[in-house]
Amino acid sequence: MVQGLGAQALCLLPMAGFKNWVVKWKERGGMNRYRRRGCNPSSSSTTSITSGALDLQTTRNSEGSSLDALKQAYMTNAILSTMKPTEMDLKIMSQFPELLSVIQQNPSIINAAAQLQYKDSEIYNMCNSSLQAVMNLTKDANPENNNTSNHFPRSADKKPLLSAKKRRERYSPDFKLMVIEYAASHSYQETSRKFGVHHITVSEWCKDKDRIRKKVYCDNLQTLHTKILKSETAEQKFLSWIQDCNKQKIIIKPTDVQEKANEILNIIEKLKSRRIVGEKESRVNYPPAVKVEIAKVAERQSVNCAARCFRVARKRIREWVKCKDKLRWLAETGQVRERGGSMGGKRSTA
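Residue numbering for the sequence shown follows my numbering, starting at -8 and increasing by one per position.
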(Lines of atoms letter the chains of each structure in order from A and count residues from 1; the text may use other names and numbers.)
(Lines give C-alpha, C1' and ligand atoms only; values in the text may rest on other atoms or scores of the structure.)
Protein backbone atom coordinates (compact mmCIF):
# COMPACT_ATOMS: atom_id res chain seq x y z
CA MET A 1 0.00 0.00 0.00
CA VAL A 2 1.30 3.43 -0.91
CA GLN A 3 1.94 5.55 2.13
CA GLY A 4 2.36 9.24 2.88
CA LEU A 5 1.55 11.77 0.19
CA GLY A 6 0.92 9.17 -2.51
CA ALA A 7 -1.68 7.35 -0.41
CA GLN A 8 -3.84 10.39 0.21
CA ALA A 9 -3.45 11.59 -3.34
CA LEU A 10 -4.40 8.27 -4.90
CA CYS A 11 -7.67 8.09 -2.99
CA LEU A 12 -8.88 11.04 -5.02
CA LEU A 13 -8.06 9.52 -8.41
CA PRO A 14 -10.93 8.16 -10.54
CA MET A 15 -11.18 4.39 -10.39
CA ALA A 16 -10.81 4.09 -14.17
CA GLY A 17 -7.49 5.95 -14.19
CA PHE A 18 -6.30 4.52 -10.88
CA LYS A 19 -5.40 1.08 -12.26
CA ASN A 20 -3.44 2.48 -15.18
CA TRP A 21 -1.69 4.93 -12.88
CA VAL A 22 -0.65 2.16 -10.46
CA VAL A 23 0.75 0.04 -13.30
CA LYS A 24 2.80 2.95 -14.61
CA TRP A 25 3.83 3.86 -11.08
CA LYS A 26 5.17 0.34 -10.42
CA GLU A 27 6.94 0.18 -13.80
CA ARG A 28 8.76 3.40 -12.97
CA GLY A 29 9.90 2.01 -9.63
CA GLY A 30 7.72 4.26 -7.57
CA MET A 31 7.49 1.78 -4.67
CA ASN A 32 11.25 1.54 -4.31
CA ARG A 33 11.57 5.31 -4.52
CA TYR A 34 9.10 5.78 -1.69
CA ARG A 35 10.85 3.12 0.39
CA ARG A 36 14.23 4.77 -0.18
CA ARG A 37 12.75 8.08 0.93
CA GLY A 38 11.49 6.38 4.09
CA CYS A 39 7.92 7.64 3.78
CA ASN A 40 5.65 6.46 6.57
CA PRO A 41 2.51 7.77 8.26
CA SER A 42 4.59 9.47 10.93
CA SER A 43 7.04 11.12 8.52
CA SER A 44 7.22 14.77 7.70
CA SER A 45 5.18 14.17 4.53
CA THR A 46 2.05 13.92 6.62
CA THR A 47 2.72 17.31 8.08
CA SER A 48 3.27 18.70 4.59
CA ILE A 49 -0.08 17.39 3.48
CA THR A 50 -1.86 18.90 6.44
CA SER A 51 -0.23 22.24 6.01
CA GLY A 52 -0.75 22.00 2.28
CA ALA A 53 -4.46 21.38 2.73
CA LEU A 54 -4.71 24.44 4.93
CA ASP A 55 -2.90 26.51 2.36
CA LEU A 56 -5.26 25.24 -0.32
CA GLN A 57 -8.26 26.10 1.82
CA THR A 58 -6.95 29.64 2.20
CA THR A 59 -6.39 29.81 -1.54
CA ARG A 60 -9.95 28.61 -2.20
CA ASN A 61 -11.45 31.25 0.08
CA SER A 62 -9.34 34.10 -1.26
CA GLU A 63 -9.38 33.32 -4.96
CA GLY A 64 -12.77 31.65 -5.31
CA SER A 65 -11.51 28.33 -6.73
CA SER A 66 -13.79 25.32 -6.60
CA LEU A 67 -13.51 22.48 -4.12
CA ASP A 68 -13.29 19.95 -6.94
CA ALA A 69 -10.27 21.75 -8.34
CA LEU A 70 -8.59 21.59 -4.94
CA LYS A 71 -9.15 17.85 -4.80
CA GLN A 72 -7.70 17.51 -8.27
CA ALA A 73 -4.61 19.36 -7.05
CA TYR A 74 -3.75 16.36 -4.88
CA MET A 75 -4.01 14.12 -7.92
CA THR A 76 -1.80 16.49 -9.87
CA ASN A 77 0.79 16.43 -7.13
CA ALA A 78 0.75 12.63 -6.95
CA ILE A 79 1.23 12.29 -10.70
CA LEU A 80 4.08 14.75 -10.84
CA SER A 81 5.87 13.35 -7.81
CA THR A 82 6.13 9.88 -9.42
CA MET A 83 7.60 11.16 -12.67
CA LYS A 84 11.26 11.19 -13.41
CA PRO A 85 12.86 14.56 -14.14
CA THR A 86 13.25 13.65 -17.82
CA GLU A 87 9.53 12.91 -18.09
CA MET A 88 8.41 16.30 -16.87
CA ASP A 89 7.44 17.65 -20.25
CA LEU A 90 4.30 18.44 -22.20
CA LYS A 91 4.16 15.01 -23.82
CA ILE A 92 3.67 13.34 -20.45
CA MET A 93 1.35 16.06 -19.24
CA SER A 94 -0.83 15.66 -22.31
CA GLN A 95 -1.50 12.05 -21.28
CA PHE A 96 -3.55 13.31 -18.35
CA PRO A 97 -6.60 15.12 -19.75
CA GLU A 98 -7.99 15.52 -16.24
CA LEU A 99 -4.98 17.63 -15.34
CA LEU A 100 -5.29 19.83 -18.41
CA SER A 101 -8.98 20.36 -17.78
CA VAL A 102 -8.45 21.28 -14.14
CA ILE A 103 -5.64 23.71 -14.91
CA GLN A 104 -7.68 25.32 -17.64
CA GLN A 105 -10.62 25.83 -15.30
CA ASN A 106 -8.58 26.89 -12.26
CA PRO A 107 -5.02 28.17 -12.89
CA SER A 108 -4.47 28.67 -9.15
CA ILE A 109 -3.42 25.01 -9.06
CA ILE A 110 -0.02 26.19 -10.30
CA ASN A 111 0.71 27.62 -6.88
CA ALA A 112 -1.50 25.27 -4.86
CA ALA A 113 0.04 22.05 -6.17
CA ALA A 114 3.52 23.46 -5.76
CA GLN A 115 2.84 24.20 -2.11
CA LEU A 116 2.00 20.53 -1.54
CA GLN A 117 5.37 19.38 -2.80
CA TYR A 118 8.21 18.53 -0.51
CA LYS A 119 10.48 21.33 0.49
CA ASP A 120 12.97 20.01 -2.02
CA SER A 121 13.63 22.95 -4.31
CA GLU A 122 14.32 20.69 -7.32
CA ILE A 123 10.92 18.99 -7.15
CA TYR A 124 9.24 22.31 -6.41
CA ASN A 125 10.77 23.94 -9.46
CA MET A 126 9.95 20.97 -11.72
CA CYS A 127 6.34 21.00 -10.60
CA ASN A 128 5.97 24.73 -11.00
CA SER A 129 7.70 24.90 -14.38
CA SER A 130 5.75 21.97 -15.83
CA LEU A 131 2.42 23.35 -14.65
CA GLN A 132 3.33 26.76 -16.02
CA ALA A 133 4.18 25.20 -19.39
CA VAL A 134 0.81 23.47 -19.53
CA MET A 135 -0.89 26.70 -18.47
CA ASN A 136 0.78 28.53 -21.35
CA LEU A 137 -0.45 25.79 -23.67
CA THR A 138 -4.02 26.22 -22.50
CA LYS A 139 -3.73 30.00 -22.80
CA ASP A 140 -2.65 29.67 -26.42
CA ALA A 141 -5.57 27.36 -27.12
CA ASN A 142 -8.02 29.80 -25.50
CA PRO A 143 -6.91 33.35 -26.39
CA GLU A 144 -10.23 34.81 -25.26
CA ASN A 145 -9.28 34.02 -21.65
CA ASN A 146 -6.02 35.99 -21.79
CA ASN A 147 -7.65 39.32 -21.09
CA THR A 148 -8.58 38.49 -17.51
CA SER A 149 -6.07 39.40 -14.84
CA ASN A 150 -6.27 36.22 -12.75
CA HIS A 151 -7.76 33.91 -15.41
CA PHE A 152 -10.66 32.95 -13.17
CA PRO A 153 -14.01 32.21 -14.86
CA ARG A 154 -16.08 34.61 -12.80
CA SER A 155 -19.83 34.36 -13.05
CA ALA A 156 -20.08 38.13 -13.59
CA ASP A 157 -17.93 37.86 -16.72
CA LYS A 158 -20.11 35.17 -18.21
CA LYS A 159 -22.70 36.94 -20.30
CA PRO A 160 -25.36 34.81 -21.96
CA LEU A 161 -25.22 34.82 -25.70
CA LEU A 162 -28.44 36.35 -26.97
CA SER A 163 -29.12 34.55 -30.21
CA ALA A 164 -31.68 36.50 -32.16
CA LYS A 165 -34.07 34.16 -33.88
CA LYS A 166 -33.79 34.56 -37.58
CA ARG A 167 -37.07 35.38 -39.14
CA ARG A 168 -38.14 33.03 -41.87
CA GLU A 169 -37.80 34.64 -45.24
CA ARG A 170 -41.05 35.08 -47.11
CA TYR A 171 -41.24 34.35 -50.82
CA SER A 172 -43.80 35.73 -53.22
CA PRO A 173 -46.17 33.35 -55.02
CA ASP A 174 -44.58 34.36 -58.34
CA PHE A 175 -41.15 33.31 -57.10
CA LYS A 176 -42.52 30.02 -55.78
CA LEU A 177 -44.15 29.31 -59.12
CA MET A 178 -40.89 30.03 -60.94
CA VAL A 179 -39.07 27.58 -58.66
CA ILE A 180 -41.77 24.95 -59.21
CA GLU A 181 -41.52 25.28 -62.98
CA TYR A 182 -37.73 24.91 -62.85
CA ALA A 183 -37.96 21.90 -60.53
CA ALA A 184 -40.25 20.16 -63.02
CA SER A 185 -37.24 19.50 -65.27
CA HIS A 186 -34.47 19.47 -62.66
CA SER A 187 -33.74 17.77 -59.37
CA TYR A 188 -34.52 19.36 -56.04
CA GLN A 189 -30.81 19.72 -55.29
CA GLU A 190 -30.15 21.57 -58.55
CA THR A 191 -33.15 23.81 -57.97
CA SER A 192 -31.95 24.52 -54.44
CA ARG A 193 -28.52 25.60 -55.65
CA LYS A 194 -29.93 27.79 -58.40
CA PHE A 195 -32.48 29.73 -56.34
CA GLY A 196 -30.88 29.51 -52.89
CA VAL A 197 -33.85 27.71 -51.33
CA HIS A 198 -33.54 24.56 -49.23
CA HIS A 199 -34.38 21.42 -51.17
CA ILE A 200 -36.98 20.41 -48.57
CA THR A 201 -38.73 23.74 -49.12
CA VAL A 202 -38.65 23.15 -52.87
CA SER A 203 -40.24 19.75 -52.32
CA GLU A 204 -43.02 21.27 -50.21
CA TRP A 205 -43.73 23.90 -52.85
CA CYS A 206 -43.96 21.26 -55.57
CA LYS A 207 -46.46 19.28 -53.52
CA ASP A 208 -48.52 22.44 -53.04
CA LYS A 209 -48.16 23.66 -56.63
CA ASP A 210 -51.90 23.75 -57.37
CA ARG A 211 -52.62 26.15 -54.52
CA ILE A 212 -49.63 28.33 -55.43
CA ARG A 213 -50.68 28.55 -59.07
CA LYS A 214 -54.19 29.51 -58.04
CA LYS A 215 -52.78 32.17 -55.74
CA VAL A 216 -50.65 33.63 -58.54
CA TYR A 217 -53.61 33.63 -60.90
CA CYS A 218 -55.87 35.38 -58.38
CA ASP A 219 -53.25 38.01 -57.56
CA ASN A 220 -52.64 38.74 -61.23
CA LEU A 221 -56.34 38.93 -61.93
CA GLN A 222 -56.91 41.35 -59.06
CA THR A 223 -54.11 43.55 -60.37
CA LEU A 224 -55.55 43.54 -63.86
CA HIS A 225 -59.02 44.42 -62.61
CA THR A 226 -57.65 47.28 -60.56
CA LYS A 227 -55.71 48.68 -63.50
CA ILE A 228 -58.74 48.44 -65.76
CA LEU A 229 -60.96 50.33 -63.35
CA LYS A 230 -58.44 53.16 -63.14
CA SER A 231 -59.28 54.19 -66.68
CA GLU A 232 -62.70 55.31 -67.96
CA THR A 233 -61.83 54.06 -71.44
CA ALA A 234 -60.73 50.67 -70.16
CA GLU A 235 -63.85 50.45 -68.04
CA GLN A 236 -66.08 51.05 -71.05
CA LYS A 237 -64.23 48.45 -73.11
CA PHE A 238 -64.49 45.90 -70.34
CA LEU A 239 -68.20 46.63 -69.91
CA SER A 240 -68.83 46.31 -73.64
CA TRP A 241 -67.11 42.94 -73.72
CA ILE A 242 -69.27 41.55 -70.90
CA GLN A 243 -72.42 42.94 -72.55
CA ASP A 244 -71.52 41.21 -75.82
CA CYS A 245 -70.94 37.93 -73.99
CA ASN A 246 -74.33 38.19 -72.32
CA LYS A 247 -76.10 39.02 -75.58
CA GLN A 248 -74.47 36.14 -77.41
CA LYS A 249 -74.79 33.87 -74.36
CA ILE A 250 -71.07 33.09 -74.35
CA ILE A 251 -69.80 31.09 -71.40
CA ILE A 252 -67.22 33.18 -69.55
CA LYS A 253 -64.27 31.47 -67.86
CA PRO A 254 -61.67 32.97 -65.52
CA THR A 255 -59.02 32.72 -68.22
CA ASP A 256 -61.26 34.68 -70.60
CA VAL A 257 -61.49 37.54 -68.12
CA GLN A 258 -57.73 37.60 -67.68
CA GLU A 259 -57.01 37.52 -71.41
CA LYS A 260 -59.51 40.29 -72.10
CA ALA A 261 -58.05 42.42 -69.34
CA ASN A 262 -54.56 42.02 -70.80
CA GLU A 263 -55.86 42.92 -74.22
CA ILE A 264 -57.54 46.10 -72.98
CA LEU A 265 -54.47 47.20 -71.03
CA ASN A 266 -52.26 46.72 -74.08
CA ILE A 267 -54.51 48.98 -76.14
CA ILE A 268 -54.65 51.80 -73.60
CA GLU A 269 -51.31 53.54 -73.18
CA LYS A 270 -52.17 56.22 -70.65
CA LEU A 271 -54.22 55.41 -67.59
CA LYS A 272 -55.96 58.04 -65.50
CA SER A 273 -55.33 57.47 -61.83
CA ARG A 274 -58.38 56.80 -59.71
CA ARG A 275 -58.17 56.15 -55.97
CA ILE A 276 -60.71 54.19 -53.95
CA VAL A 277 -61.22 55.64 -50.49
CA GLY A 278 -60.93 53.21 -47.56
CA GLU A 279 -60.16 50.14 -49.68
CA LYS A 280 -57.02 48.24 -50.53
CA GLU A 281 -55.83 48.44 -54.09
CA SER A 282 -56.30 44.70 -54.56
CA ARG A 283 -60.05 45.03 -53.97
CA VAL A 284 -62.10 45.32 -57.14
CA ASN A 285 -64.63 48.18 -57.20
CA TYR A 286 -66.99 47.56 -60.10
CA PRO A 287 -69.27 50.40 -61.23
CA PRO A 288 -73.07 49.81 -61.34
CA ALA A 289 -73.11 49.08 -65.08
CA VAL A 290 -70.54 46.29 -64.69
CA LYS A 291 -72.42 44.92 -61.67
CA VAL A 292 -75.53 44.58 -63.81
CA GLU A 293 -73.66 42.56 -66.42
CA ILE A 294 -71.99 40.39 -63.79
CA ALA A 295 -75.44 39.68 -62.35
CA LYS A 296 -76.54 38.56 -65.81
CA VAL A 297 -73.51 36.24 -66.03
CA ALA A 298 -74.50 34.75 -62.68
CA GLU A 299 -78.02 34.13 -63.97
CA ARG A 300 -76.77 32.50 -67.18
CA GLN A 301 -74.03 30.39 -65.65
CA SER A 302 -73.98 30.31 -61.84
CA VAL A 303 -73.17 32.48 -58.87
CA ASN A 304 -70.09 30.42 -58.08
CA CYS A 305 -68.77 30.73 -61.61
CA ALA A 306 -69.29 34.50 -61.65
CA ALA A 307 -67.57 34.80 -58.28
CA ARG A 308 -64.50 32.92 -59.54
CA CYS A 309 -64.31 34.81 -62.81
CA PHE A 310 -64.68 38.34 -61.45
CA ARG A 311 -63.20 37.81 -57.97
CA VAL A 312 -66.32 38.89 -56.09
CA ALA A 313 -67.88 37.29 -53.05
CA ARG A 314 -70.89 35.10 -53.80
CA LYS A 315 -72.96 36.97 -51.24
CA ARG A 316 -72.30 40.23 -53.06
CA ILE A 317 -73.26 38.75 -56.43
CA ARG A 318 -76.53 37.47 -55.01
CA GLU A 319 -77.30 41.00 -53.84
CA TRP A 320 -76.58 42.33 -57.32
CA VAL A 321 -78.94 39.78 -58.85
CA LYS A 322 -81.74 40.79 -56.48
CA CYS A 323 -81.15 44.53 -57.00
CA LYS A 324 -80.37 44.42 -60.70
CA ASP A 325 -83.03 47.03 -61.55
CA LYS A 326 -81.69 49.41 -58.93
CA LEU A 327 -78.17 49.00 -60.28
CA ARG A 328 -79.39 49.65 -63.81
CA TRP A 329 -81.02 52.89 -62.68
CA LEU A 330 -77.78 53.96 -60.94
CA ALA A 331 -75.84 53.25 -64.10
CA GLU A 332 -78.24 55.25 -66.27
CA THR A 333 -78.26 58.26 -63.93
CA GLY A 334 -74.52 58.12 -63.33
CA GLN A 335 -74.91 57.84 -59.56
CA VAL A 336 -72.73 55.68 -57.35
CA ARG A 337 -74.21 54.70 -53.99
CA GLU A 338 -71.93 54.94 -50.97
CA ARG A 339 -70.82 51.84 -49.14
CA GLY A 340 -73.21 50.54 -46.52
CA GLY A 341 -76.24 49.74 -48.66
CA SER A 342 -77.17 46.49 -50.30
CA MET A 343 -75.58 47.60 -53.57
CA GLY A 344 -72.11 46.98 -52.23
CA GLY A 345 -70.85 50.13 -53.91
CA LYS A 346 -67.84 52.07 -52.66
CA ARG A 347 -67.42 55.81 -52.59
CA SER A 348 -64.68 56.83 -55.02
CA THR A 349 -62.86 60.08 -55.67
CA ALA A 350 -61.31 61.21 -58.87
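Cβ atoms here follow ideal geometry from the backbone N, Cα and C, with glycine treated the same way. Quick caveat, the model's predicted, so the values are computed rather than measured.
Span of the alpha helix (DSSP H) around residue i
{"i": "His190", "result": "His190 to Lys198"}
{"i": "Ala175", "result": "Looking at the DSSP string, Ala175 is not in any alpha helix (DSSP H), and its letter there is neither H nor E."}
{"i": "Cys296", "result": "Val294 to Phe301"}
{"i": "Arg291", "result": "Pro279 to Arg291"}
{"i": "Ala322", "result": "Lys315 to Thr324"}
Cα-Cα separation, residue i to residue j
{"i": "Arg291", "j": "Pro245", "result": "15 Å"}
{"i": "Tyr173", "j": "Asn253", "result": "25 Å"}
{"i": "Asp199", "j": "Leu318", "result": "40 Å"}
{"i": "Met169", "j": "Ile242", "result": "31 Å"}
{"i": "Asn237", "j": "Asn211", "result": "24 Å"}
{"i": "Gln180", "j": "Glu195", "result": "13 Å"}
{"i": "Ser293", "j": "Gly187", "result": "44 Å"}
{"i": "Lys185", "j": "His177", "result": "10 Å"}
{"i": "Pro279", "j": "Ile255", "result": "20 Å"}
{"i": "Ile203", "j": "Cys300", "result": "18 Å"}
{"i": "Asp316", "j": "Lys205", "result": "34 Å"}
{"i": "Lys313", "j": "Ala322", "result": "16 Å"}
{"i": "Asp201", "j": "Phe229", "result": "29 Å"}
{"i": "Glu284", "j": "Lys167", "result": "35 Å"}
{"i": "Glu250", "j": "His190", "result": "34 Å"}
{"i": "Ala298", "j": "Gln227", "result": "21 Å"}
{"i": "Tyr162", "j": "Tyr277", "result": "30 Å"}
{"i": "Ala175", "j": "Asp247", "result": "27 Å"}
{"i": "Lys240", "j": "Ile171", "result": "37 Å"}
{"i": "Asp235", "j": "Cys197", "result": "40 Å"}
Within 8 Å, strictly: CB atoms of residue i and residue j
{"i": "Trp311", "j": "Lys282", "result": "yes"}
{"i": "Cys209", "j": "Arg302", "result": "yes"}
{"i": "Val207", "j": "Pro164", "result": "yes"}
{"i": "Asn295", "j": "Arg307", "result": "no"}
Buried/exposed call for residue i, threshold 16 Cβ in 10 Å
{"i": "Ala286", "result": "buried"}
{"i": "Ile233", "result": "buried"}
{"i": "Ala289", "result": "buried"}
{"i": "Thr324", "result": "exposed"}
{"i": "Ser183", "result": "buried"}
{"i": "Thr41", "result": "Per-residue confidence for Thr41 stands at a pLDDT of 35, beneath the threshold of 50, marking its modelled position as unreliable; no derived number is given."}
{"i": "Ser33", "result": "Since pLDDT at Ser33 reaches only 39, below the 50 mark, its modelled position is unreliable, and the value read off the structure follows with that caveat. Exposed."}
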